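Worksheet: one structure, shown below.
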Amino acid sequence: NAGVTQTPKFRILKIGQSMTLQCAQDMNHNYMYWYRQDPGMGLKLIYYSVGAGITDKGEVPNGYNVSRSTTEDFPLRLELAAPSQTSVYFCASRRGTSGETQYFGPGTRLLVL
Amino acid sequence: DQQVKQNSPSLSVQEGRISILNCDYTNSMFDYFLWYKKYPAEGPTFLISISSIKDKNEDGRFTVFLNKSAKHLSLHIVPSQPGDSAVYFCAAETSGSRLTFGEGTQLTVNP
């Protein structure tokens, strides 16, 4: 049982490049989330999904896109990378809401130069 | 609009003493509160939670207190250990919604 896995661990992008951050969970959780954490700041929700085929915007969705074709996978797409997207990205999942524990992946550190 | 706020960016305590981390919120509809711990280069991990129908929840060295009238919760760690040094995030949610996180407090426990 690997929990929540994320790839890559670290990536450097040039301004204007695109990339996909991968996230997978093996706990059969319905709910999945993408957050970004900037230095000295809390976790800001980018996008979330309540099940396969259903996604919705969080607090800071601009510049990102997601898809959820399976229960297990929730990739985050960055189009036209900008320096403001330099951050650490965390994927998370949980079975339900109302106090259910949310499990986080180890994070992807992204540097846009 | 910062609905969950942790006003202390950092806290330093001596090993064996009590650590008290604080969190304030503005949304009276929040009905679950959670604390997460984060070590460098790792994802946050769940620590303890409390429902709004309770005012205290205890798990070993960790106790969370909720004061709904003051919209305030706190995490007590007794006794504090050097391995507790980490960033602690407070989070809150209303039923069926997403978690809203505070900015985090860096706890340092000195041997």
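If you read the protein sequences in the order shown, they are chains A and B. The first sequence begins at 2 in this note's numbering and counts up one residue at a time. The second sequence begins at 312 in this note's numbering and counts up one residue at a time. Using N, Cα and C, we set each Cβ at its ideal position, and we do this for glycine too. All figures in this text were calculated on a predicted structure; none of them were measured in a lab.
- The three-state secondary structure of S68 of chain A, taken from DSSP, is coil.
- It is roughly 35 Å from the alpha-carbon of T98 of chain A to the alpha-carbon of G327 of chain B.
- For F91 of chain A, the closest Cβ of chain B is nearer than 8 Å.
- With the rule of 3 Cβ pairs closer than 8 Å, the region 348-357 of chain B does not count as touching the region 50-68 of chain A.
- Taking a Cβ-Cβ threshold of 7 Å, the residues of chain A close to L410 of chain B are Q103, in chain order.
- Against chain B, the CB of T98 of chain A has a partner CB under 8 Å away; the residue lies at that interface.
- Here the C-alpha atom of R110 of chain A lies approximately 32 Å from the C-alpha atom of D370 of chain B.
- Q86 of chain A sits in a helix when the DSSP states are folded into three classes.
- No Cβ-Cβ contact shorter than 8 Å links I388 of chain B with S323 of chain B.
- Every beta strand (DSSP E) stretch that sits fully inside the region 9-34 of chain A and reaches 3 residues is listed by chain position as 11-14 and 20-26.
- Between the alpha carbons of S391 of chain B and Y36 of chain A lies a distance of about 29 Å.
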